[in-house]
Amino acid sequence: MSFKKHDRQYDVVVFGATGYTGLFTAEHIAAELPTNLRWAVAGRSAEKLQNVVAECQKLNGDRQPPAVEICNLNDEDLLQLAKKTYILISTVGPYAKYGEHAYKACAEAGTHYLDCTGEAVWTYDMIKKYEATAKRTGACLISQGGVESAPSDLLTLVLAQTLKKELSADTGDVVVSFHTLKAQASGGTLATALNLFQSYGLKEIDASHKPYALSPIKNSTPTPRASIWSMLTGLREVPLLGTLCTSVTSGTNAAIVFRSWGLAKSEAPLRKQFYGPNFTYREFMRPKSKLQGVLMHYGLIFGGIMLAFVPPFRELVRRFIYQPGQGPEREAAHKDYIELRGVATPDFSASGGPPPAGKPQQLAHVRGQYSGSMYLLTAMLLAQAALTILEDDVPMSGGVYTPASLGQGFVDRVHEHGFKVEAEIVDV
């Protein structure tokens, strides 16, 4: 499949290629993307970037190695870099501390942008600052395109498509569960958690995690209320998913899913992806036992309080974690595994009501799984998102979008590269 025509020097640039996630991203591009891709790796150290080039050549000697672009973390350097490329992938985090230069540069230069932040409050901040600029220049900016929050966003899209195709129904309530998660965090991920409260106040963080905070429009349909038991223990029972508990990433991922809903409702090119007027979304984890679920619930509450209000605790934790740019050994990381499952309730209100009485209730069920490092998954998601923008007629004219905005072509590509997504209609 041919690439879109453009007048930039490069199709893709990986900024931050010497970091832990950046190197994985460059390696995936070298090994898996078409050999006619014009691309570069960018960062501050020429020596380290040459090492990245050498690693990429080992993976695929049949393609031209990436060019090297030296770029410092400032507005001027990033703007010049952004003007050279059609797509910029930024893996330089924590984004709340280092990410704005690249985001701003791409918005101003009309360059498409991808990142793997998990900082919803930062995404919220960038939308307020640069969405209008991106709409004017035609830049398509997609944040949270890695393990946070692309899997949740794509599974919700697939659930909605399944209900529409199989039952001719809109989507009502969606519940996604991190069913199995075996992974270790890199230094960049851990640094993000520690630095977030230094960059933003609690009021800003809380505002960014409210339902539809990142969405261009609000939805009046209330999210199902938790029972008193669930509020006390963090536990609830969900059909087809079993016993679930509080998830540390639920607010971050839900913010992007709600934005996908809002974009599809408010922008005509994305209208066919609209989930429906009565859509709601919730996300949890599956504990190994109810006791573990309760302990995780209170552990997250206690840990959040300590990180937010006790700076010495943050400094203590910092001593025992990987430094930014470092992460688990590759051999250990390859043993990682992630599995998400989700269910969606059909909403027949737009078609005149529920199906005839006497039929069993039906739900859409989806399963997404990946074997390997979560950072390899993130790298694959970023690289395949870039390829989708290059090859597909994506319905985006400029602004701040989400992974789901890339549509079925993106789902198909990540499925082919290891994030297996399977959906069906199930009687309950």
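Read in full-length UniProt numbering, the sequence shown has 171 at position 171, and its numbers run on one by one without any break. Built from N, CA and C at the ideal position, the CB exists for glycine as well. This structure is a prediction, so every number in the text was calculated from the model and none was measured.
query	result
In this structure, does DSSP put residue 172 in helix, strand or coil?	strand
Can you round the beta-carbon distance between residue 53 and residue 34 to whole angstroms, since I take them to be within the 8 angstroms contact cut?	With 8 angstroms as the limit, residue 53 and residue 34 do not qualify as a contact, their Cβ atoms being about 18 angstroms apart.
Where does residue 302 land, buried or exposed, given buried means 16+ other C-beta within 10 angstroms?	exposed
Decide if residue 124 is buried, meaning its Cβ has at least 16 other Cβ atoms within 10 Å, or exposed.	buried
Does DSSP put residue 214 in a helix, in a strand, or in coil?	coil
Pairs of beta-carbons, one from the region 362-377 and one from the region 82-97, closer than 8 angstroms: are there three or more?	no
Where does residue 111 land, buried or exposed, given buried means 16+ other C-beta within 10 angstroms?	buried
Buried or exposed: which applies to residue 74, given that a residue is buried once 16 or more other Cβ atoms fall within 10 Å of its Cβ?	exposed
Rounded to whole angstroms, what's the CA-CA distance from residue 318 to residue 375? Just pull it up for me.	21 angstroms
Does residue 311 pass the burial test, meaning 16 or more other C-beta atoms within 10 Å, or should it be called exposed?	exposed
Counting only the same chain and skipping the five closest in sequence on each side, list residues whose C-beta sits under 6 angstroms from that of residue 77.	71
Rounded to the nearest angstrom, how far is the Cβ of residue 160 from that of residue 20, given a contact under 8 angstroms?	In fact, because the Cβ distance is near 34 angstroms, the residues do not count as touching under 8 angstroms.
So the candidates are 17, 16, 37 and 264; which of them puts its Cα closest to the Cα of residue 386?	37
For the beta strand (DSSP E) that contains residue 40, what are its first and last residues?	39-43
Looking at the secondary structure, which residues open and close the alpha helix (DSSP H) in which residue 406 lies?	Note, residue 406: premise wrong, no alpha helix (DSSP H); not H, not E.
State the DSSP-derived secondary structure class of residue 294, mapped to helix, strand or coil.	helix
Should residue 58 be labelled buried (16 or more other beta-carbon atoms within 10 Å of its own) or exposed?	exposed
What span of residues does the beta strand (DSSP E) with residue 90 cover, start to end?	85-90
Can you tell me the Cβ-Cβ gap for residue 87 and residue 390, rounded? I've got them flagged as a contact below 8 angstroms.	7 angstroms
Alpha carbon to alpha carbon, how far is residue 408 from residue 299?	38 angstroms
Assuming residue 11 contacts residue 3 under a Cβ cut-off of 8 angstroms, what Cβ separation, rounded to an integer in Å, is found between them?	6 angstroms
Go ahead and label residue 309 buried or exposed: buried means 16 or more other beta carbons lie within 10 angstroms of its beta carbon, across all protein chains shown.	exposed
Please report the residue range of the beta strand (DSSP E) in which residue 10 lies.	10-15
Kindly indicate which three-state DSSP category residue 370 falls into: helix, strand or coil?	strand
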